[in-house]
Each structure stands twice: as C-alpha cells, then as structure tokens.
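J.:
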Amino acid sequence: MNTGGSPAKEPNISEWRRRTVGNLTSTFRFGKANDAPVLPDTTGQYQLAQYEVNQLPKPTIRRPTSRYRARSRASARTPPDAHLLMRVS
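Position 60, counted from 1, in the sequence shown is what my numbering calls 72; the numbers after and before it change by one each time, with no gaps.
1) Return helix, strand or coil for Thr-54, following the three-state DSSP convention.
2) Specify the secondary structure class of Glu-64 as computed by DSSP and reduced to three states.
3) When the Cα atoms are used, what is the spatial distance from Asn-35 to Gly-43?
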C-alpha cells in the first residue's frame with residue numbers, strides 16, 4: 013500500500029504517457045459539485061405518443077397456429093443439401 017504520498021508506479025504505463033496525460037485526476041473535478049441540468053418538460057410529447065399508440069389497430073392472427081411438428085429422424089440425419097456433397101463415379 014502506498015502511504016508516502018508519492019504516486020504508485022504502474023509498470024504498464026510508460027514514462028511518455030505519464031508526461032503526456034499526467035495522472036488524470038483533473039477529470040474528476042473534486043473541487044466543485046455540478047448541478048444536474050434542467051430538462052425540458054416532455055409531458056405533452058408523452059401524452060401524444062400514448063394517444064398515437066392507442067389509435068393503432070389491434071394485432072390479429074391471420075390463421076390459426078399449429079403445434080410444432082418435429083422432423084422425422086431420417087430427415088434429421090440427412091442434411092437437405094447432402095446430394096451436393098456426394099460424389100458420382
């Protein structure tokens with residue numbers, strides 16, 4: 013643990029990088045707290061979007077769905093393009 017006040021040496025950081033970018037603590041801005049920005053009111057846009065969504069037609073099912081039927085074992089063993097891989101002598 014580094015308690016002497018000197019920066020810790022990370023072997024993966026080159027001296028050039030240390031000179032160029034420093035220790036990057038200035039990016040944290042410890043001195044001043046920033047307030048959150050004031051955002052515009054979006055109530056009207058939200059209500060318009062809700063209205064438009066409610067005007068869309070309800071989804072319909074065009075045909076009754078059927079249960080999934082597994083392929084037969086013979087077709088499962090033979091790929092559909094197996095004839096392309098077969099050699100003809």
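Just so you know, even glycine gets a beta-carbon here, dropped at the ideal spot from N, CA and C.
This one's a predicted model, so the numbers in the text were calculated from it and none came from an experiment.
T.: Looking at the coordinates:
1) The residue you call residue 54 lines up with position 42 of the sequence shown. In this structure, Thr-54 counts as coil in the three-state DSSP scheme.
2) The residue labelled residue 64 in the question sits at position 52 within the sequence shown. Note: Glu-64 maps to helix in three-state DSSP.
3) Along the sequence shown, one-based indexing puts residue 35 at 23. Along the sequence shown, one-based indexing puts residue 43 at 31. Using only the alpha carbons, I get a separation of about 17 Å.
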